[in-house]
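Visitor: Residues in the sequence shown are numbered from 3 upward in steps of one, following this note's numbering.
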Amino acid sequence: MYDIIIIGAGVSGAAAARELSRYQAKICVLEKEEDVCCGTSKANSAIVHAGYDAAAGSLKAKLNVRGNELMGRLSEELDFPFQRIGSLVLCFQEADLPKLQALYQRGIENGVPKLRILDREETLRLEPNLSEDTFASLYAPTAGIVCPFELNLALAENAYANGTKFQFHTEVQSIERLEKGYLLHTSRGELRTRYVVNAAGLYGDEIHNMVSQKKLKLTARRGEYCLLDKTAGTHVRRTIFPLPDKMGKGILVTPTVHGNLLLGPTAVNTEDKEGVNTTLEGLALVSERAARSVKNLPVRQVITSFAGLRAHEEGDDFIIEEVSDAKGFFDCIGIESPGIASCPAIGERVAALLQKEMDLKKKDHFISARKGRLNPNALSFAERNALIRKQPAYGNIICRCEMISEGEILEAVRRPLGAKSLDGVKRRTRSGMGRCQGGFCSPKVMEILAREQQTGLQEITKSGGSSKLLAGTNKDAF
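#1: Can you check whether the CB of Asn262 is closer than 7 Å to the CB of Leu285?
#2: Do Ala158 and Leu506 have their beta-carbon atoms positioned less than 7 Å apart in this structure?
#3: Can we say the region 27–40 touches the region 298–305, given the rule of at least three CB pairs closer than 8 Å?
#4: Secondary structure at Thr144, three-state DSSP: helix, strand or coil?
#5: Fully enclosed by the region 171–198, which beta strand (DSSP E) runs are 3 residues long or longer?
#6: With Ala309 as the anchor, note down where its beta strand (DSSP E) starts and where it stops.
#7: Within the continuous beta strand (DSSP E) that includes Ser423, where are the two ends?
#8: Cβ atoms of Val38 and Asn154: under 7 Å apart, would you say?
#9: Using beta-carbon positions only, say whether Leu105 and Ser139 come within less than 7 Å of one another.
#10: Restricting to Cα atoms, I'd like to know which of Phe308, Tyr205, Ser339, Arg291 is closest to Asp274.
#11: Thinking C-alpha only, which one of Glu192, Gln107, Gly426, Gln95 is nearest Thr136?
#12: Quick check: the region 7–19 against the region 197–211, are there 3 or more CB pairs under 8 Å?
#13: Does DSSP put Arg224 in a helix, in a strand, or in coil?
#14: Flag this pair as yes or no: are the beta carbons of Glu404 and Gly436 separated by less than 7 Å?
#15: Helix or strand or just coil, what does DSSP make of Glu323?
#16: With a threshold of 8 Å on Cβ separation, who are the neighbours of Gly252 within its own chain once the five nearest residues in sequence on each side are excluded?
#17: Roughly how many angstroms separate the alpha carbons of Glu178 and Gly191, rounded to a whole number?
#18: So for Phe480, helix, strand or coil by DSSP?
#19: Let's test the definition: count the other Cβ atoms within 10 Å of the Cβ of Ser1 and tell me whether it reaches 16, buried, or not, exposed.
#20: For Gly74, which of helix, strand or coil comes out of DSSP?
#21: Would Thr457 be called buried (16 or more neighbouring beta carbons within 10 Å of its own) or exposed?
#22: Under 7 Å between the Cβ atoms of Lys373 and Asp81?
#23: Helix, strand or coil: how does DSSP classify Ala138 here?
#24: Applying the criterion that 16 or more other CB atoms from any shown protein chain within 10 Å of the CB defines a buried residue, is Met73 buried or exposed?
#25: Compute the Euclidean distance between the alpha carbons of Ala309 and Ile400, then round it to the nearest angstrom.
#26: Just checking my contact of Ser89 with Arg294 at CB under 8 Å: how many whole Å lie between their CB atoms?
#27: Flag Leu185 as yes when its Cβ comes closer than 6 Å to any non-hydrogen atom of the ligand FMN, and as no otherwise.
#28: Going by C-alpha to C-alpha distance, which of Pro267, Ala313, Lys248, His260 sits closest to Glu276?
#29: Thinking just about the alpha-carbon of each residue, which of Glu385, Lys34, Tyr396, Glu461 is nearest to the one in His187?
#30: Count the other CB atoms within 10 Å of the CB of Met212; is the residue buried (16 or more) or exposed (fewer)?
#31: Going by DSSP, which residues form a beta bridge with Gln169?
#32: Have a look at Ala16, Ala45, His171 and flag the residue whose alpha-carbon is nearest the alpha-carbon of Gly466.
#33: For Val415, collect the residues of the same chain with a Cβ closer than 6 Å to its Cβ; drop the 5 residues on either side in sequence, then sort them by chain order.
#34: Between Gln107 and Tyr141, what straight-line distance do the alpha-carbon atoms span, to the nearest angstrom?
#35: Rounded to the nearest angstrom, what separates Arg224 and Asn398 at their Cα positions?
#36: Decide if Pro346 is buried, meaning its Cβ has at least 16 other Cβ atoms within 10 Å, or exposed.
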């Protein structure tokens, strides 16, 4: 019997778990996939938006601005990369200047600090590679970029360190109301809980509709991206947006915290909640629209493309509240952009709602800090040599593109909530994210996983479940 079960281990569920773990409660996070960060949280723009885009007075606006404010301190506490690089929204003709000014006014209403409208000369001084058609821009210096994988992992690991249980490969199939609480029927048996937090991402409407007569529908909105090599990473130094439209913030161009350049996303509604395929048309649109904002884009430096899905709610706002006809059941759904930026504040809000409802008491000892993985590339030459002498695995480079060592992969596997698959290692270490996209390092990573899990190579998966990479029974295939 749990006090609280959280459904979903993306950034919203993990942020809620981390904040709730401050209190005396028995908490469990259920995730249908094999790891944290397997849905919307793993495939997005990784932008910490400033907060000028959401409608004034909306929950999106409030939590975006608050989340942005919290992100710097959170990154220091939980040791994940975050850079406050600023953003520019471009206006290409004088006729559109009122739209830019309206965005500025909305940002002021939302409480976004330091916003400024810049003329053409001021804008191009900041970013010389912008389009020659640039007329003006909205400058938001508080915007930033983050690594969504490391953010999600940091929140989950810290919740785990504070006593939260995580249960993977556990899909909620139906929910039954009890006199006090809920009985969850899952793919791994039955679980009882007093309270439920529904942070199930794209499937949040289906979980909600299991307990409420007031039905919800979330629309899957696919966004396609192109990721460029690190040789293109400094083409712009800030996140560059066009003026937004009804489908979203438009196709951006941004550096990443790891030194690449990211273009995207498109915005296409789809009925397929697993439809993360890319399309020829979508990727062509990404390149075309990105080139309108930034000139001389080195698109020949694309090393991979991918697509993500976000959960769009019909009212175009976050839903974070107790379900009116299901006492003790709290929705945390419709979390599309700016969900990454808002997640610290989402966690705060969920925890505040349940603390009030349950009269939760704070723990005497809450572990607020977490140490991220060791990064040998950040060490001095002497420090790295000393590390290798002590732990030789850090001298065995597995991923040559990103210079990731065997020691880092072993740490990723052995950490709390450690990696269990090729993608799990990739998200934690960046092994396989470089120019060759795992062409050289994947076999070696598989060997390490097989050795650590004491199993055969044929049992190693790309991302859990049935995604096995090898056929046959030869344990020594490599």
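Idealized CB from N, CA, C, for every residue including glycine.
Guide: Let's see:
#1: No. Outside cutoff.
#2: Nothing in the structure corresponds to residue 506, since the chain is present only between 3 and 480.
#3: no
#4: coil
#5: 174–180, 183–188
#6: 304–315
#7: Taken as a continuous stretch (DSSP letters only), Ser423 belongs to no beta strand (DSSP E), as it is neither H nor E.
#8: yes
#9: In terms of Cβ geometry, Leu105 and Ser139 do not form a close pair [threshold 7 Å].
#10: Tyr205
#11: Gln95
#12: yes
#13: strand
#14: yes
#15: Correct three-state label for Glu323: strand.
#16: Excluding positions up to five away in sequence, the list reads Phe243, Pro244, Leu245, Pro246, Arg291.
#17: Using only the alpha carbons, I get a separation of about 13 Å.
#18: Only weak support exists for where Phe480 lies, its pLDDT of 45 falling under 50; the coordinates are left without a value.
#19: Given a span of 3 to 480 for the chain in the structure shown, any question on residue 1 remains unanswerable.
#20: helix
#21: Classification for Thr457: exposed.
#22: yes
#23: strand
#24: buried
#25: 27 Å
#26: Actually they are not in contact, since the Cβ atoms of Ser89 and Arg294 sit about 17 Å apart, beyond 8 Å.
#27: Looking for the ligand FMN in the displayed structure turns up nothing, as the structure carries no ligands at all.
#28: Ala313
#29: Lys34 is the residue among Glu385, Lys34, Tyr396, Glu461 whose C-alpha sits nearest the C-alpha of His187.
#30: It is buried - the Cβ of Met212 has at least 16 other Cβ atoms within 10 Å.
#31: Leu32
#32: His171
#33: So the qualifying residues of the chain are Ala421, Glu454.
#34: 13 Å
#35: 39 Å
#36: buried
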